[in-house]
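Some notes on the structure that comes next.
In our numbering, the protein residues as written are 723 to 911.
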């Protein structure tokens, strides 16, 4: 498996400085959350670092990459090509020797998914609350993430769905399915 330093060097060459700093922030937050929840911090850090590796590929190149690598594109992704960066990132990280679990965490980091395990939830949450993120309520989410990763994931999914409704854009069903799976669990607590 590639080292953090090797992936950082590659990202520095393909991402804008802002996106690179975001990736470093997600790496740090994923590592912190992994420590809190007792999973491998190195795996979480690597996954967080690489999560946006496909983000700044042009939309035309995203479509081409998916066709060239036989990656299925659904109807929502046709209308919001930016979502494809998660599928592309998961595919790219195969060359680094990322495990299937790590690839799925990258795959699910944008929309959420029914099959999110703890690593996937950590990367999903870290992406939204890393130190460079500034929006109303982020401090509360940072606190919640350290107390209850499930609840934090649910709150972020709710926020994202509401935001997309307000913007009048299509909502990927993976996020809705993930929310509906997590909601009964949070009500039981």
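All C-beta atoms, glycine included, are put in the ideal place defined by N, C-alpha and C. It should be emphasised that the depicted structure is a prediction, and the values quoted were computed from it without experimental measurement.
The region 891-905 makes contact with the region 826-844, as at least three CB pairs between them are under 8 Å. Residue ranges of uninterrupted alpha helix (DSSP H) with 4 or more members, entirely inside the region 775-859 and ordered along the chain, are 781-790, 797-801, 806-814, 822-830 and 840-851.
When C-alpha distances from residue 759 are compared across 886, 884, 861 and 847, the shortest belongs to 847. The beta carbons of residue 844 and residue 768 sit no closer together than 7 Å.
No residue range can be given for residue 773, since it is assigned to no alpha helix (DSSP H) and is classified by DSSP as neither H nor E.
Here residue 828 is not near residue 804, since their CB atoms are 7 Å or more apart. Under a 10 Å Cβ-count criterion, residue 800 is classified as exposed, with fewer than 16 other Cβ atoms of the shown protein chains found around its own Cβ. When DSSP states are grouped into helix, strand and coil, residue 746 belongs to the helix group. For residue 893, there is no enclosing alpha helix (DSSP H), as DSSP marks it with neither H nor E. Exclusion of the five residues before and after residue 840 leaves 759, 761 and 871 as the residues of its chain whose Cβ lies within less than 8 Å of its Cβ.
Cα atoms of residue 790 and residue 797: separation of roughly 18 Å, rounded to the nearest angstrom. DSSP places residue 880 in the helix class (H, G or I) of the three-state scheme.
Residue 864 and residue 883 have their C-alpha atoms spaced approximately 19 Å apart. When DSSP states are grouped into helix, strand and coil, residue 735 belongs to the helix group. Pairing residue 826 with residue 842 gives a Cβ-Cβ distance under 7 Å.
The Cβ atoms of residue 854 and residue 747 lie closer than 7 Å to each other. Spatial neighbours of residue 866 in its own chain (CB-CB distance under 7 Å, excluding positions within 5 residues in sequence) are listed in chain order as 873, 874 and 877. Taking C-alpha positions only, residue 823 is separated from residue 906 by approximately 25 Å. By the beta-carbon neighbour count (other beta carbons within 10 angstroms, threshold 16), residue 849 is buried.
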